[in-house]
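Residue numbers (my numbering): 1 to 253.
Every residue, glycine too, gets a C-beta built ideally from N, C-alpha and C.
Remember, it's a predicted structure, so these values are computed and weren't measured experimentally.
Contents: one structure, followed by commentary.
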Amino acid sequence: MTVMSNPKSKAKSKSQIEGFGFIPAESEHHFLVTIANNKKDDVLISEHLTWDENADKRELSFALGQNDNKMRVILNRQKWDAIADPVKAEFNYRLKRAEQKSGQWKTGQIPVSRLFGKELVLLAWAIEDADPGLISTAIRNWLGLTPEERWWLFTMTNAATGHAITGRGKGWRKAVRFALTENPVSDSSYYDERFNLPIFQASEPPVYIAPTSLQSDKLDQKSHEPSENGNKGDRKPRNRNSKQKITTSSVSS
């Protein structure tokens with residue numbers, strides 16, 4: 001007997017999604033991207049374990065400095081503008097495959113799911129102290145990583161140098177910048193549907209970076225299983241004869 005899905009229940013579930021794939025009913029662990037009306041102000045990305053539906057209360061807690069210990073990165077507005085569209089395209093691509101509603105960047109506070117937040121912060125860490133001319137390389141290298149690789153790199157970096165201010169330019173944080181901005185784009189890169197988006201030039205293929213021995217979160221250990229944020233294992237098999245490895249040789253520097 002075939003069970004028909006209820007369109008109303010699907011619409012209801014979509015309405016409960018906040019920002020980019022954040023579903024408070026499933027887990028309150030999320031990230032917040034705070035974008036001010038003044039374009040001269042920095043963009044703040046913070047991590048939170050609880051969720052308050054009242055936007056005014058969330059903004060008040062920021063004004064009182066109650067979330068400083070969870071602040072992960074403070075990014076120059078021009079650098080944020082450089083990564084906003086590629087990141088949105090990547091996240092919405094995966095949300096669409098998971099049949100979830102897409103997200104948009106706007107002024108105010110935008111919730112981002114736990115796993116998407118880790119990936120976003122990783123890219124922001126890579127460019128926070130980088131030359132603006134290297135941002136496009138960082139984006140392509142970031143796109144060349146699987147979600148599991150991004151989560152692992154975030155976890156390793158966050159453990160020692162995860163604070164927005166005290167961890168800046170040190171250890172793993174510094175190594176991530178070198179790994180994503182100084183590695184050249186490889187000619188042996190692979191493609192998938194995302195790189196047909198108009199934000200990418202056909203002459204600028206994304207870099208292929210070989211996976212390390214990565215461990216994702218317990219709820220997302222198998223990349224072929226869908227996660228809470230639509231991180232499905234839809235990657236194509238890679239050519240193991242052409243790899244470019246991420247190194248952390250600069251961690252000790």
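Beta-carbon contacts of residue i that lie in its chain and below 8 angstroms, excluding the five residues immediately before and after
i      : result
Gln176 : Reading off the sequence shown, one finds Val at residue 176, where the question assumed Gln. Correct list, in chain order: Leu122, Trp125, Ala126, Leu153, Thr157.
Pro132 : Gln78, Lys79, Ala82
Residue closest to residue i, alpha-carbon to alpha-carbon, out of the options
i      : options                       : result
Glu53  : Gly103, Ile35, His30          : His30
Lys39  : Lys79, Gly167, His163, Leu120 : Lys79
Trp51  : Ile139, Ile17, Gly171, Thr161 : Ile17
Glu26  : Glu90, Arg114, Gly169, Thr166 : Arg114
Ile45  : Thr161, Lys70, Gly133, Ala138 : Lys70
Val33  : Leu49, Thr166, Pro111, Thr181 : Pro111
Ile23  : Leu95, Ile35, Glu90           : Leu95
Ala36  : Thr155, Lys106, Lys88, Glu47  : Lys106
Glu90  : Ala130, Thr137, Leu49, Phe20  : Phe20
Glu128 : Gly169, Arg97, Glu47, Glu28   : Gly169
Asn278 : Glu28, His48, Asn183          : The structure shown does not extend to residue 278, since the chain spans only 1 to 253, so no value can be given for it.
Contacts around residue i, its chain only, beta-carbon distance under 6 angstroms, and the 5 residues preceding and following it disregarded
i      : result
Glu99  : none
Asn92  : Ser102
Glu119 : Arg150
Gly108 : none
Phe116 : Phe20, Gly21, Phe91, Asn229
Asp217 : A caution first: Asp217 carries a pLDDT of 43, below 50, which makes its placement in the model unreliable, though a value can still be read off. Contacts found: none.
Gln256 : Here the chain has residues from 1 to 253 only, and residue 256 is not among them.
Leu49  : His29
Glu47  : Phe31, Lys70, Arg72
Thr254 : Residue 254 lies beyond the residue range present for the chain, which begins at 1 and ends at 253; the question has no answer from this structure.
Cβ shell of residue i (< 7 angstroms), same chain only, five flanking positions each side left out
i     : result
Asn76 : Asp42
CB contact flag (residue i, residue j, <8 angstroms)
i      : j      : result
Ala164 : Val73  : yes
Ala84  : Ile135 : no
Ala130 : Thr166 : no
Bridge partners - residue i, DSSP secondary structure assignment
i      : result
Leu75  : Val43
Phe22  : Glu18
His48  : His30
Val259 : Nothing about residue 259 can be read from this structure; the chain reaches only from 1 to 253.
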